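Peer 1: Quick one: the structure is below, and I'll ask about it shortly.
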Amino acid sequence: MTGTEQIVAGLEAAQVSIVASVPDTWIGRLMEGVRRSLRLRAVDVAREEEAVAVACGANLAGGRGAVLIQNAGLLNCGGVLAGLVELYHLPCFFIVSLRGDHRDPVYYHAPKGRVTEETLRAWRLPYARADRRGDLAAQVKQGVEFCVEARGPFVLLISGEDLA
Amino acid sequence: MTARKPLLDALVAMLTPRDVLVSCLGANARYLPHMAVPCPVFALCDSMGAAIPLGLGMALQRPDRHVVALEGDGSLLMSPNVLATVAAAAPPNLTMLLWVNGRYESSGGQALPAVTVDWAALARAAGLRHVARVGDVAGLREAFAATRMAGSPAVIVVDIAFDPAEAIPPYSERPDEIRARFRL
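Protein chains in written order, with the working numbering: chain C, 226 to 389; chain A, 3 to 186.
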């Protein structure tokens with residue numbers, strides 16, 4: 226299986242029902258896999274904060290939502306994370322493309338890459354880097370289930386290499 | 003122009019147990035715990051702009067329920083993009099009520115940027131077809147009843163009077179209480 230197929234399988238196994246997304250190059254590739262799924266509903270949103278609220282709404286209505294965005298979009302989400310996800314203790318699972326680290330050939334992503342993990346730690350957001358050598362589907366499922374159990378957020382950082 | 007409370011009273015009187023109500027922060031969220039709302043309510047006390055996308059997630063997850071999202075013009079001015087998002091997703095069971103008074107009421111009544119936004123035109127331009135604008139209780143009753151048969155997401159722009167002396171009750175429920183009580 227490709228990494229994309231494993232991630233989609235993980236979302237399905239975790240009983241995610243709605244996947245809200247703003248694409249970048251990598252997330253766009255991942256969303257192509259989401260759209261092929263018969264069990265996931267892709268919701269295209271215009272802004273990353275919307276994706277968070279859509280996922281939370283799905284969770285409050287008895288489903289499971291996931292947010293697929295770039296790290297630039299995650300950096301936009303400080304307010305909604307504090308004022309919605311954390312304040313109301315809502316599950317919210319993120320898959321975030323980690324642009325700008327040493328694996329990313331595009332120079333203009335570098336500033337985001339330098340601050341993403343430090344920001345996650347400052348915001349006290351539980352997170353992990355996806356490990357392509359391991360079972361990606363299991364990592365996704367574990368992240369979703371962590372959110373449900375902890376009633377809070379979890380961020381799984383991916384790279385373009387993880388999707389191959 | 004009509005005051006907020008009679009319009010909110012009229013809206014609540016039209017709700018049924020099969021509806022779901024999501025409220026933005028501010029006066030609506032502060033009034034609702036003191037009203038006999040017959041359906042589940044999720045009221046925000048922060049996070050401007052989140053009410054409509056929250057309602058969208060609920061509406062997509064539960065197509066058997068009619069979700070009513072209340073948003074203020076100050077909040078939507080921060081995030082008008084959500085109108086296009088809703089138009090694209092096109093849930094027929096989502097109605098958005100935009101309360102327009104030109105003020106950031108929850109933070110002291112400061113004025114919004116000094117321009118008159120044509121919210122109904124903006125909603126239509128974003129791709130929403132079922133759009134109404136009302137300014138009194140009779141208009142709201144007629145417009146809200148029509149949303150139940152719209153077959154598409156609906157927007158009602160509600161012009162309300164700003165009254166700096168309005169005795170809005172304080173927040174009386176904590177987020178954990180709101181979340182615990184919210185059951186569909």
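A virtual CB, placed ideally from N, CA and C, is assigned to each residue, including glycine.
Since the model is a prediction, treat every value here as computed from it, not as a measurement.
For a test of the three-state rule: what should DSSP assign to residue 33/A, helix, strand or coil?
Peer 2: Here residue 33/A refers to the residue found at position 31 of the second sequence. Here residue 33/A sits in helix by DSSP.
Peer 1: Please report how far the alpha carbon of residue 35/A lies from the alpha carbon of residue 5/A, in whole angstroms.
Peer 2: Residue numbering aside, residue 35/A sits at position 33 when the second sequence is read from its first letter. Residue numbering aside, residue 5/A sits at position 3 when the second sequence is read from its first letter. Those two C-alpha atoms are separated by around 19 Å.
Peer 1: Assuming residue 249/C and residue 90/A form a contact by the criterion Cβ under 8 Å, report the distance between their Cβ atoms to the nearest whole angstrom.
Peer 2: Taking the first residue of the first sequence as 1, we reach residue 249/C at position 24. Taking the first residue of the second sequence as 1, we reach residue 90/A at position 88. With 8 Å as the limit, residue 249/C and residue 90/A do not qualify as a contact, their Cβ atoms being about 19 Å apart.
Peer 1: Helix, strand or coil for residue 256/C per DSSP?
Peer 2: As a working mapping, residue 256/C is identified with position 31 in the first sequence. It is helical.
Peer 1: Identify which residue in 245/C, 265/C, 260/C has its Cα closest to the Cα of residue 275/C.
Peer 2: Numbered from its first residue, the first sequence carries residue 275/C at position 50. Selected option, being the one with the closest Cα: 245/C.
Peer 1: Buried or exposed, going by whether 16 or more other CB atoms sit within 10 Å of the CB of residue 229/C?
Peer 2: Within the first sequence, residue 229/C is the residue found at index 4, counting from 1. So residue 229/C counts as buried.
Peer 1: Which residues in chain C sit within 7 Å of residue 48/A, going by Cβ to Cβ distance?
Peer 2: Residue mapping note: residue 48/A aligns to position 46 of the second sequence, counting from 1. Ordered by position in chain C, the residues that pass the 7 Å Cβ test against residue 48/A are 308, 312.
Peer 1: Roughly how many whole angstroms lie between the Cα atoms of residue 291/C and residue 277/C?
Peer 2: In the first sequence, residue 291/C corresponds to position 66, counting from 1. In the first sequence, residue 277/C corresponds to position 52, counting from 1. Their Cα atoms are separated by approximately 8 Å.
Peer 1: Any beta carbon of chain C sitting closer than 9 Å to that of residue 129/A?
Peer 2: What you label residue 129/A is simply residue 127 of the second sequence in a count that begins at 1. Residue 129/A does not count as touching chain C.
Peer 1: On the DSSP bridge list, what partners appear for residue 43/A?
Peer 2: Start at 1 with the first residue of the second sequence, and residue 43/A comes out as number 41. DSSP output for residue 43/A lists 23/A as bridge partner(s).
Peer 1: State the Cα-Cα distance for the pair residue 88/A and residue 360/C, rounded to the nearest angstrom.
Peer 2: Taking the first residue of the second sequence as 1, we reach residue 88/A at position 86. Taking the first residue of the first sequence as 1, we reach residue 360/C at position 135. In a straight line, the C-alpha of residue 88/A is about 35 Å away from that of residue 360/C.
Peer 1: Relative to the alpha-carbon of residue 324/C, which residue among 333/C, 318/C, 317/C has its alpha-carbon at the smallest distance?
Peer 2: As a working note, residue 324/C is residue 99 in the first sequence. When only C-alpha atoms are compared, the closest one is 333/C.
Peer 1: Can you tell me which residues form a DSSP beta bridge with residue 295/C?
Peer 2: Looking up residue 295/C in the first sequence gives position 70. Per DSSP, 322/C.
Peer 1: Could you spell out the range, first to last residue, of the beta strand (DSSP E) harbouring residue 158/A?
Peer 2: Residue 158/A sits at position 156 when you count from the first residue of the second sequence. Counting along the chain, the beta strand (DSSP E) containing residue 158/A begins and ends at 156 to 161.
Peer 1: Beta strand (DSSP E) containing residue 269/C: first to last residue?
Peer 2: Within the first sequence, numbered from 1, the residue matching residue 269/C stands at position 44. Note, residue 269/C: beta strand (DSSP E), 266 to 269.
Peer 1: Please go through the same chain and pick out, in chain order, the residues whose beta-carbon is closer than 7 Å to the beta-carbon of residue 64/A, but skip the five residues on each side of it.
Peer 2: Mapped onto the second sequence, residue 64/A falls at position 62. Answer for residue 64/A: 186, listed in chain order.
Peer 1: Mind pulling the beta strand (DSSP E) runs of 3 or more residues that sit fully within the segment 43 to 76 of chain A?
Peer 2: The segment 43 to 76 of chain A contains these whole beta strand (DSSP E) runs: 43 to 45, 68 to 74.
Peer 1: In the DSSP assignment, what residue or residues form a beta bridge with residue 132/A?
Peer 2: For this step, residue 132/A is matched to residue 130 along the second sequence. Answer is 156/A, bridged to residue 132/A.
Peer 1: Could you give the C-beta distance for residue 286/C and residue 60/A, rounded to a whole number, given that I count them as a contact under 8 Å?
Peer 2: For the purposes of this step, residue 286/C is taken as residue 61 along the first sequence, with counting starting at 1. For the purposes of this step, residue 60/A is taken as residue 58 along the second sequence, with counting starting at 1. That belief holds up - the Cβ atoms of residue 286/C and residue 60/A are roughly 4 Å apart, short of 8 Å.
Peer 1: Counting only beta-carbon separations shorter than 9 Å, does residue 98/A have a partner in chain C?
Peer 2: For this step, residue 98/A is matched to residue 96 along the second sequence. Chain C contact via Cβ: absent.
Peer 1: Tell me whether the beta-carbon of residue 62/A lies closer than 9 Å to the beta-carbon of residue 53/A.
Peer 2: One-based indexing of the second sequence puts residue 62/A at position 60. One-based indexing of the second sequence puts residue 53/A at position 51. Cβ distance not < 9 Å, so residue 62/A and residue 53/A don't count as in contact.
Peer 1: Between residue 371/C and the rest of its own chain, which residues show a CB-CB distance below 6 Å, the 5 nearest in sequence each way excluded?
Peer 2: Position 146 of the first sequence, counted from the first residue, corresponds to residue 371/C. Here the set comprises 379.
Peer 1: Grab the span of the beta strand (DSSP E) containing residue 97/A for me, first residue to last.
Peer 2: Mapped onto the second sequence, residue 97/A falls at position 95. 96 to 102 is the extent of the beta strand (DSSP E) around residue 97/A.
Peer 1: Do residue 114/A and residue 1/A come within 9 Å of each other at the CB atom, strictly closer than that value?
Peer 2: Examination of residue 1/A is not possible in this model, given that chain A is present from 3 through 186 alone.
Peer 1: Is there contact here, the segment 4 to 19 of chain A with the segment 155 to 172 of chain A, by at least three beta-carbon pairs under 8 Å?
Peer 2: At 8 Å Cβ cutoff, the stretches touch.
Peer 1: Does residue 87/A come within less than 9 Å of chain C when only Cβ atoms are used?
Peer 2: Within the second sequence, residue 87/A is the residue found at index 85, counting from 1. For residue 87/A, the answer is yes, since a Cβ of chain C falls inside 9 Å of its Cβ.
Peer 1: Where does the unbroken alpha helix (DSSP H) through residue 14/A begin, and where does it stop?
Peer 2: Reading the second sequence from its first residue, position 12 is the one you call residue 14/A. First-last of the alpha helix (DSSP H) with residue 14/A: 6 to 16.
Peer 1: Could you please give me the residues that DSSP links to residue 246/C through a beta bridge?
Peer 2: Position 21 of the first sequence, counted from the first residue, corresponds to residue 246/C. Bridge partners of residue 246/C: 269/C, 293/C.
Peer 1: Taking the straight line between their C-alpha atoms, what separation do you get for residue 262/C and residue 8/A?
Peer 2: The sequence position of residue 262/C within the first sequence is 37, counting from 1. The sequence position of residue 8/A within the second sequence is 6, counting from 1. Rounded to the nearest angstrom, the two C-alpha atoms are 47 Å apart.
Peer 1: Rounded to a whole number of angstroms, what is the C-alpha to C-alpha distance between residue 384/C and residue 280/C?
Peer 2: One-based indexing of the first sequence puts residue 384/C at position 159. One-based indexing of the first sequence puts residue 280/C at position 55. Answer to the nearest angstrom: the Cα atoms are 22 Å apart.
Peer 1: When you compare each of 273/C, 330/C, 377/C to residue 349/C by their alpha carbons, which one comes out closest?
Peer 2: Your numbering for residue 349/C matches position 124 in the first sequence. Ranking the options by Cα distance to residue 349/C, first place goes to 377/C.
Peer 1: Return the residue from the list 387/C, 328/C, 329/C, 310/C that minimises the CA-CA distance to residue 375/C.
Peer 2: Residue mapping note: residue 375/C aligns to position 150 of the first sequence, counting from 1. Checking every option, the nearest Cα to that of residue 375/C belongs to 310/C.
Peer 1: If distances are taken between C-alpha atoms only, which option among 296/C, 240/C, 307/C, 256/C comes closest to residue 283/C?
Peer 2: For the purposes of this step, residue 283/C is taken as residue 58 along the first sequence, with counting starting at 1. Checked all of 296/C, 240/C, 307/C, 256/C; the closest Cα to residue 283/C is 240/C.
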